[in-house]
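Data block below; observations after.
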Amino acid sequence: MKLLVTGGAGFIGSHFIRYILNKYPDYQVVNMDALTYAGNLANLTSISDSERYTFVHADIRNQTRVDQVLFETSVDAVIHLAAESHVDRSIESPGKFVETNVLGTQNLLESARLHGVGTFVHISTDEVYGSLGGSGSFTEETPLAPNSPYAASKASSDLFVRSYYETYGMDTRITRCSNNYGPNQYPEKLIPLCISRAVQGLPVPLYGDGQNVRDWLHVYDHCSAIDAVLHHAKPGSVYNIGANNEWNNADLVKKILGILNVPTSQIVPVRDRLGHDRRYAIDASKLKQDLGWKPVYDFEDGLKETIEWFANQNTGKKVSHSRGH
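Our numbering puts the sequence shown at residues 1 to 325.
Written out as structure tokens, the structure is:
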């Protein structure tokens, strides 16, 4: 199989490309990335010389360029990860999120349709569902109720993907994942930001009262879920991906500082994010039952592995732990 991965130089995309090339020795991967601030080809150094890997510099907002890439590569499937994804940036510049996440996705869908791409897997987010109360979880039947410009742009792109299945009969599939963590993540996100600032002796910012809850999933487990959806899901399907691993931000930050032996006095409360969703939680039972997927990473081990990677990147500080799943 030959895959086109959009946004493959980013955090999740680079992990997914390495995952696929390692697992399937007869697969080829084309990485199409615009190399924005969050894209880094150094994430792919270990496979950059592989004959089964090709990098194409292209922006999904450019319909002509996207069409050219789809025509020239003749791929069997598209794994669409390219997106503007940081909520704070969407609050500051919502138009950029419409251009990339909505119009860019539609450009890609149209080119994939015209060039007969077999399968289109769209990687979305649990944020399209909005905010939960103190109990319950998002299922695939939960109504879309996005509360940030980022979430609204992803919900819009989800609906375009759905429309290409319903209108044109394209084999589209949508995944909605909880918060990812792991090595190589861009340091504007909570876990790498906390680690990098902590090891440098800088203040560690914490939004509001710190009681916002997120469900954390290791990026490897996200990749294995995408793999399962690509190979085994039905056209038109939607799958939630999560690990039943809820943490409020305050407890998570304190846990990270504890592993690093950094005092909690470095935590500095900051003004809360506008429209900050209170809680996300994913019910991934459909994915587990239909496709036999399950996460393999233990959060304690995965978090320590991630802390060690970022600590080494920032200061060379070592965090000893025994890795396990």
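C-beta atoms are modelled at their ideal positions from N, C-alpha and C, and glycine is treated no differently. Nothing here was measured: the structure is a model prediction, and the numbers come from that model.
(message) For residue 197 and residue 204, which I take to be in contact (beta-carbon distance under 8 Å), what is that distance rounded to the nearest angstrom?
(response) 5 Å
(message) Can you check which of these residues, 127, 98, 133 and 126, is closest to residue 160 by C-alpha distance?
(response) 98
(message) Contact between the region 55-66 and the region 20-32 is defined here as three or more beta-carbon pairs at a separation below 8 Å; is this criterion met?
(response) The region 20-32 and the region 55-66 touch, with three or more beta-carbon pairs separated by less than 8 Å.
(request) Output the boundary residues of the alpha helix (DSSP H) element that contains residue 111. (result) In the DSSP annotation of this structure, the continuous segment of the alpha helix (DSSP H) that includes residue 111 starts and ends at 104-114.
(message) Considering only DSSP beta bridges, list what residue 92 is partnered with.
(response) The partner list for residue 92 (beta bridge, DSSP) is empty, contrary to what the question assumes.
(request) Could you pull out every unbroken beta strand (DSSP E) segment of at least 3 residues lying fully inside the region 181-224, listed in chain order? (result) For the region 181-224, whole beta strand (DSSP E) runs of length 3 or above, ordered along the chain, are 204-207 and 213-218.
(message) Any contact between the region 186-201 and the region 134-149? By contact I mean 3 or more CB pairs, one from each, below 8 Å.
(response) no
(message) Need the endpoints of the alpha helix (DSSP H) that residue 143 sits in, please.
(response) No alpha helix (DSSP H) contains residue 143, which DSSP labels as neither H nor E.
(request) Could you tell me if residue 261 is buried or exposed, where buried requires 16 or more neighbouring beta carbons within 10 angstroms of its beta carbon? (result) The residue in question, residue 261, is exposed, as its Cβ has fewer than 16 Cβ neighbours within 10 Å.
(message) For the beta strand (DSSP E) containing residue 69, name the first residue and the last one.
(response) Unbroken run through residue 69 is the alpha helix (DSSP H), 63-73; no beta strand (DSSP E).
(request) State the DSSP-derived secondary structure class of residue 296, mapped to helix, strand or coil. (result) coil
(message) Could you tell me which whole beta strand (DSSP E) segments of length 3 or greater appear in the region 39-64?
(response) 53-57
(message) Using C-beta distances below 8 Å, list every residue in its chain close to residue 17, excluding the 5 sequence neighbours before and after it, in chain order.
(response) 5, 8, 29, 31, 44, 47 and 53
(request) Would you check if the distance between the CB atom of residue 177 and the CB atom of residue 225 is smaller than 9 Å? (result) In this structure, residue 177 places its C-beta atom within 9 Å of the C-beta atom of residue 225.
(message) Rounded to whole angstroms, what is the Cα-Cα separation between residue 328 and residue 255?
(response) Examination of residue 328 is not possible in this model, given that the chain is present from 1 through 325 alone.
(request) State the CB to CB distance for the pair residue 63 and residue 107, rounded to an integer number of angstroms; the pair is presumed to be in contact (CB under 8 Å). (result) 5 Å
(request) Please name the residue, chosen from 1, 2 and 22, that lies closest to residue 223 on a Cα-to-Cα basis. (result) Comparing alpha-carbon positions, the option among 1, 2 and 22 lying closest to residue 223 turns out to be 22.
(request) Taking residue 151 and residue 128 to be in contact with their CB atoms under 8 Å, please state how far apart those CB atoms are, rounded to whole angstroms. (result) 6 Å
(message) the ligand GTP and residue 49: does the residue's C-beta get closer than 8 Å to at least one heavy atom of that ligand?
(response) In the structure shown, the ligand GTP is absent, as is every other ligand, since no ligand is present at all.
(request) Let me know the secondary structure DSSP gives residue 122 once reduced to three states. (result) strand
(request) Taking residue 216 as the reference, give the member of 229, 253 and 234 with the closest Cα. (result) The candidate whose alpha carbon is nearest that of residue 216 is 253.
(request) Locate the alpha helix (DSSP H) running through residue 99, then write down its first and last residues. (result) Element bounds for residue 99: n/a, residue is neither H nor E.
(message) Which same chain residues end up closer than 7 Å to residue 236 when comparing Cβ atoms and leaving out the 5 residues on each side of it in sequence?
(response) 165 and 172
(message) Let me confirm a value: residue 133 is counted as buried when at least 16 other C-beta atoms fall within 10 Å, else exposed. Which label applies?
(response) By the Cβ neighbour-count rule, residue 133 is exposed, with fewer than 16 other Cβ atoms within 10 Å of its own.
(request) Could you give the DSSP three-state label for residue 269: helix, strand or coil? (result) strand
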